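**Q** For what it's worth, our numbering labels the leading residue of the sequence shown as 8, then goes sequentially. A virtual CB, placed ideally from N, CA and C, is assigned to each residue, including glycine. From a predicted model like this one, the values you see are computed outputs, not experimental measurements. Take this structure, written in structure tokens, and hold onto it; I'll ask about it next.
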Amino acid sequence: MTDSTSPLIELRSVTKDYHTRAGAFPALKGIDLDIYPGEFLGIIGKSGAGKSTLLNIITGVDQLTAGQVRVRTNGSTLDLAELTENEITLWRGRNLGVVYQSFQLLPMLTLVQNVMLPMDMSGLYHPRKSRERALALLEQVELSEHVDKYPTQISGGQQQRVAIARALANDPPLIVADEPTGSLDSVTADHIFNLFQDLLGVERTIIMVTHDQGLMPRFSRYVEIADGELVTNGREQ
Numbered sequence: 008m009t010d011s012t013s014p015l016i017e018l019r020s021v022t023k024d025y026h027t028r029a030g031a032f033p034a035l036k037g038i039d040l041d042i043y044p045g046e047f048l049g050i051i052g053k054s055g056a057g058k059s060t061l062l063n064i065i066t067g068v069d070q071l072t073a074g075q076v077r078v079r080t081n082g083s084t085l086d087l088a089e090l091t092e093n094e095i096t097l098w099r100g101r102n103l104g105v106v107y108q109s110f111q112l113l114p115m116l117t118l119v120q121n122v123m124l125p126m127d128m129s130g131l132y133h134p135r136k137s138r139e140r141a142l143a144l145l146e147q148v149e150l151s152e153h154v155d156k157y158p159t160q161i162s163g164g165q166q167q168r169v170a171i172a173r174a175l176a177n178d179p180p181l182i183v184a185d186e187p188t189g190s191l192d193s194v195t196a197d198h199i200f201n202l203f204q205d206l207l208g209v210e211r212t213i214i215m216v217t218h219d220q221g222l223m224p225r226f227s228r229y230v231e232i233a234d235g236e237l238v239t240n241g242r243e244q
């Protein structure tokens, strides 16, 4: 059972600089943030505010310039900056599911094969079990009638549901979603958001990046970022 009173992720004085011909550009400026098990955390901000950079730092995709990111996994705490690239890849594969705005499904694979892919790559499931689990996940997102179709044969909203099923493949404690409703119409976007809410639990945390301030009341907590700094750290009642 996960301890919901201790942070799953801790960020301390996190900065990220990008170096250009004009000099150093500070994308993140001294971010302090705790993320707890079971939260549905929204990271809200305009384009260029630093929200995707923050997500990349949290997930170990990008390296920070200064500060510390600690993650809790299997009863121990890891400092991402102290891990090798292979260790970070292993941590991500077993603890993290990612949902992108552009879906990023492989067009040459069927829907069930796309969902099986993370399980096959991690080796956590026998191939027969991975197919059974993939079928169950597609049923969970109401796509059981389309499992043998290819991504181009279904709608954008359905593709995003496949992407969510794929993110759940290895049963990760953390799901991160980068503008997952950004390319969808309002009705479909609402359905996708409701699906994320249904996935919450003490054993699962969801972090969603969005520019849509109208979503603030629907998160269990949100942080707002502007010019690389947290300007709001609030909880909706």
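Could you pull out every residue in the same chain whose Cβ sits closer than 8 Å to the Cβ of residue 166, ignoring the five residues on either side in sequence?
**A** The residue you call residue 166 lines up with position 159 of the sequence shown. These residues qualify, in order along the chain: 110, 112 and 158.
**Q** Using the Cβ count rule (16 or more neighbours within 10 Å means buried), how would you classify residue 23?
**A** Here residue 23 is taken as the residue at index 16 of the sequence shown, counted from 1. Flag for residue 23 reads buried.
**Q** Is residue 128 helix, strand or coil when you go by DSSP?
**A** Position 121 of the sequence shown, counted from the start, is the residue given in the question as residue 128. In the structure shown, residue 128 sits in a helix (DSSP, three-state: H, G or I).
**Q** Under the assumption that residue 35 contacts residue 216 (Cβ atoms under 8 Å), give the Cβ distance between them as a whole number of angstroms.
**A** Counting from 1 along the sequence shown, the entry for residue 35 is found at position 28. Counting from 1 along the sequence shown, the entry for residue 216 is found at position 209. Not really, about 14 Å apart at Cβ, beyond 8 Å.
**Q** Identify the residues that DSSP records as bridge partners of residue 26: which are they?
**A** Working through the sequence shown from its first residue, we reach residue 26 at position 19. 31, per the DSSP bridge assignment.
**Q** May I ask you to verify whether the stretch 181-192 touches the stretch 210-229, counting CB pairs closer than 8 Å and requiring at least 3?
**A** Verdict: yes, contact present.
**Q** Please tell me whether residue 50 and residue 238 are closer than 8 Å, where the distance is taken between their beta carbons.
**A** Position 43 of the sequence shown, counting from 1, holds the residue named residue 50. Position 231 of the sequence shown, counting from 1, holds the residue named residue 238. Their beta carbons are not under 8 Å apart, which means residue 50 does not touch residue 238 by this criterion.
**Q** Between which two residues does the beta strand (DSSP E) containing residue 50 stretch?
**A** Here residue 50 refers to the residue found at position 43 when the sequence shown is read from its first residue. That run of the beta strand (DSSP E) goes 47-51.
**Q** Check each candidate in 176, 210, 163 and 120 and name the one with the smallest Cα separation from residue 193.
**A** As a first step, residue 193 must be located in the sequence shown, where it is residue number 186. Taking only the C-alpha atoms, the option nearest residue 193 is 163.
**Q** Could you tell me whether the Cβ of residue 202 comes closer than 8 Å to any Cβ of chain B?
**A** Chain labels in this structure do not include chain B; a single protein chain is all it has.
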